[in-house]
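Inspection log for the structure reproduced underneath, given as structure tokens.
Chains as they are written, first to last, in this note's numbering: chain A, 1 to 395; chain B, 1001 to 1369.
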């Protein structure tokens, strides 16, 4: 039997989860509607109505107004708008706002965007917020970064994409408020797994479709009306003039359908996934008592990600061996051209490059079952043995 | 067998992988990432190291219907090939980085990793043949049928153990056109991809500039064989034994004949130039011998010192420990006598000895006495 025909365990939902049938249906239905939502004729109005229905549904699910939504191509574009367009918009309004601050463990869509602002015009300084060994922001580091009032927007992911660590956004907001600093969170990994932060605390939130069962190619930036934006991409002036481009009814409808299901199931699913990840942890400990979990079981974290380090094992080899045995997993976040790089997330948490070898990220989603866990645990002993043999060669 | 096909993204390795599948092996494609900071797209002739090449390899694996992975061997490549290249030049020697890559990466790091992961062999798109009908019965390395493409010279350093765990399906092809035609017939998009040449890690093809950037300036004198100073240079690494152009010498030789680099001494930073006759040698000395079968003193062989050079008839004069038959008195290095003198022998070059088309040994040439 070839590897393709064998029963597979998909343990990489944090990369892309499985498309929800409801989202697929909604996409197909909305994409069959003729017309551009911005056209004034009857067909255009019908298309606009489909879009608006979807936007209203999303807004109501998130507890925001429809006008707060800026639909994007995904989480990365939303993060770019939140860091670049807002930083420049805030600076235009108040030239003293010359910096942004981001959690050291945030996704490259946030960290790299912030970093790129330094070479822009006007130049915006990027400050990195330190985290502790559990990936939580260090309050004294946050206070120091925000103290001079120069930071226009501070950003921290709700749930870390590699480790699953949950950030205390209320505490961040309390630190930011006295300085008039806007709070952004990349909630891409959090939706459906943890409760969303209060709109009292955050001003901007990035969302992504394919992490919740909508297709790849849709996301959103939720932004309060008072958030200042500079225009960083130009065109027909759709979506507050911030995100020009033809309005996409089909993707928006698919996103709405996926979000509806995801939030309706959240409590029951997150209970289920927590039980599965507990089973996963126990199974891994039984296979390899030396395995080190990056977050202890009682640390604040999402139940859908288990990040574990197998000392002495070669990560690339481990992925290959598990794949060969029917298990899809990841070493960190997926990288360009398949090369796994040393993880800046682990480095920020104080894990050295050497200690980070043998890292494996297992992530669960709405289709995960006990069978997936069992397949992994069955494949793990031999895979680990061989991955350690390679690790010994290249240690 | 379970076979790991090394896929560069070029046409040769793609056809080789497809051939291994045809032969009934269970094949997995692996692209080696040899640099941490790869260009996105390919420009010029360096054909294996960009993200675009990795993507070509992935498409080829898809067409062939095999799993595909990228393995990051960039640390090993940097430490064992790029650093070696620089330190060899700094020591006044002329290394061949492709030979080092075969010796230390493809048929060492990659092969060892593959073996540890349960593979029986590594398959590449090299032009060479492996036969098991040799005198010793063990697998032996031979020139490819297509002499113009033959790569047995750069492969010889892999040694006899690795030969037994390698597949070179292209060794039996008569021409490169045949390989391209087969790629076309198999629907492989890389069928028209140009051949790669030049050193893959010298991004712009300017080897001298690369050496100068990494080794810096180390000025010294250019002398003739009598010791007269004729000029100065910016670093011995800018010179190769046998080099004629770019010496920067104003005064012509007394007899008007062209002059060549005949010796490089990195410790005194001196470059000696002289007449062509001084480059000719009948005797070669080499160390770090990797032998495929015991070498007997007096044996008649063919010697080759360049990837695309001709082999010259030679006789073995001395054999170091480990490379000769049991009980033979070991010498310090491998010494051979050529039937006709050859020119431009530079220390650091690889010497490969053949018996007909069968590889007998590889070794590294020493500075002439």
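From the three backbone atoms N, C-alpha and C, an ideal C-beta is built for every residue, glycine too.
Note that the coordinates shown come from a computational prediction; the quantities given were computed from them, not determined experimentally.
In the structure shown, residue 1159 of chain B adopts helical secondary structure according to DSSP, grouped into three states. Contact annotation: the segment 244-261 of chain A does not touch the segment 116-127 of chain A, with fewer than three C-beta pairs closer than 8 Å. Neighbourhood of residue 389 of chain A in chain B, by CB distance below 7 Å: 1116, in chain order. At a beta-carbon threshold of 7 Å, the residues of chain B lying near residue 320 of chain A are 1069 and 1117, ordered along the chain. The Cβ of residue 1113 of chain B sits closer than 7 Å to at least one Cβ of chain A.
Secondary structure note for residue 1143 of chain B: it is in no alpha helix (DSSP H), and the uninterrupted beta strand (DSSP E) holding it is 1140-1143. The C-alpha of residue 1102 of chain B lies about 15 Å from the C-alpha of residue 1005 of chain B. At a Cβ-Cβ threshold of 7 Å, residue 1100 of chain B and residue 1079 of chain B do not count as neighbours.
For residue 1348 of chain B, the secondary structure class from DSSP, reduced to helix, strand or coil, is coil. Secondary structure at residue 351 of chain A: coil, using DSSP grouped into helix, strand and coil.
Contacts with chain B (Cβ-Cβ distance below 7 Å) from the segment 369-387 of chain A involve 386, listed in chain order. Under the DSSP assignment, residue 1064 of chain B falls in the alpha helix (DSSP H) whose first and last residues are 1051-1064. According to the DSSP secondary-structure assignment, residue 216 of chain A is paired through a beta bridge with no residue. Counted as a single uninterrupted DSSP element, the stretch harbouring residue 268 of chain A is not any beta strand (DSSP E) but the alpha helix (DSSP H) occupying residues 249-287.
Distances from the alpha-carbon of residue 302 of chain A to those of A:253, A:13 and A:329 put A:13 closest. Residue nearest to residue 178 of chain A within the set A:370, A:235 and A:143 is A:143 (criterion: CA-CA distance). Selection A:44, A:7, A:42 and A:61 evaluated against residue 265 of chain A yields A:61 as nearest (Cα-Cα). Residue environment: residue 1287 of chain B is assigned as exposed (fewer than 16 neighbouring CB atoms within 10 Å of its CB, all protein chains considered). Residue pairing by DSSP puts residue 1002 of chain B in a beta bridge opposite B:1026.
Any Cβ of chain B closer than 7 Å to the Cβ of residue 393 of chain A would place that residue at the interface, and such an atom is present. Residue 1274 of chain B has B:1260 as its beta-bridge partners, per DSSP.
With contacts defined as CB atoms closer than 7 Å, residue 170 of chain A and residue 201 of chain A qualify as a contacting pair.
Chain order gives the chain B residues near residue 316 of chain A as 1071 and 1072, where near means a beta carbon separation below 7 Å.
For residue 1289 of chain B, the uninterrupted beta strand (DSSP E) run begins and ends at 1281-1291, by DSSP.
Around the beta carbon of residue 1279 of chain B, 16 or more other beta carbons sit within 10 angstroms, so the residue counts as buried. Listed as beta-bridge partners of residue 306 of chain A by DSSP are A:362. Shown here, residue 1215 of chain B sits in a helix according to DSSP, grouped into three states.
When the beta-carbon positions are compared, residue 37 of chain A and residue 30 of chain A stay at least 7 Å from each other.
In this structure, residue 71 of chain A lies away from residue 262 of chain A, with their beta-carbon atoms at least 7 Å apart. Residue nearest to residue 132 of chain A within the set A:15, A:168 and A:187 is A:168 (criterion: CA-CA distance). The bridge partners DSSP lists for residue 1331 of chain B are B:1320.
A direct Cα-to-Cα measurement between residue 1110 of chain B and residue 242 of chain A gives close to 50 Å.
In the DSSP secondary-structure assignment, residue 1220 of chain B is bridged to B:1233.
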